Amino acid sequence: MLVAFSVAPSGVGDSDGVSEAVAAAVKVVRESGLPHETTSMFTTIEGEWDEVMDVVKRATEAASAGAPRTSLVLKADIRPGHTGQLHEKVRRVEEHLRER
32 MLVAFSVAPS GVGDSDGVSE AVAAAVKVVR ESGLPHETTS MFTTIEGEWD
82 EVMDVVKRAT EAASAGAPRT SLVLKADIRP GHTGQLHEKV RRVEEHLRER
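So in my numbering, spot 95 of the sequence shown is number 126, and the numbers just go up one at a time.
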């Protein structure tokens with residue numbers, strides 16, 4: 032499965048910036064060893080249901096440390112039997128774009 036998620040704490044300090052908290056979440060993802068990609072809006076992880084959800088949970092906990100409230104947005108593509116889709120899905124789209 033692929034899971035794209037975005038996590039942000041709220042109610043902490045006077046700054047609107049959440050980059051430090053996001054970095055804490057991304058660190059958890061990177062240390063998981065699962066295939067992943069971080070963009071300006073989401074981090075996408077690929078793996079089995081239980082391992083991906085465990086990483087999302089731990090990343091959310093890391094980002095929300097000390098925050099009274101946390102926002103989590105999650106989107107999942109559940110496709111049993113398929114691996115390597117983190118980059119393969121993009122490759123297929125790019126292939127169609129080259130054909131035009």
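Yeah, the Cβ is synthetic: ideal placement off N, Cα and C, and Gly gets one too. No experiment lies behind these values; they were computed from the predicted model shown.
query, result
"Closest by C-alpha distance to residue 68, when choosing among 38, 96, 85 and 34", "34"
"Exposure of residue 40, with buried meaning 16 or more beta-carbon neighbours within 10 Å", "buried"
"Pairwise C-alpha distance: residue 116 and residue 89", "23 Å"
"Pair within 9 Å by beta-carbon distance, residue 37 and residue 102", "yes"
"Alpha helix (DSSP H) runs contained entirely in the stretch 74-115, provided each spans 4 or more residues", "80-94"
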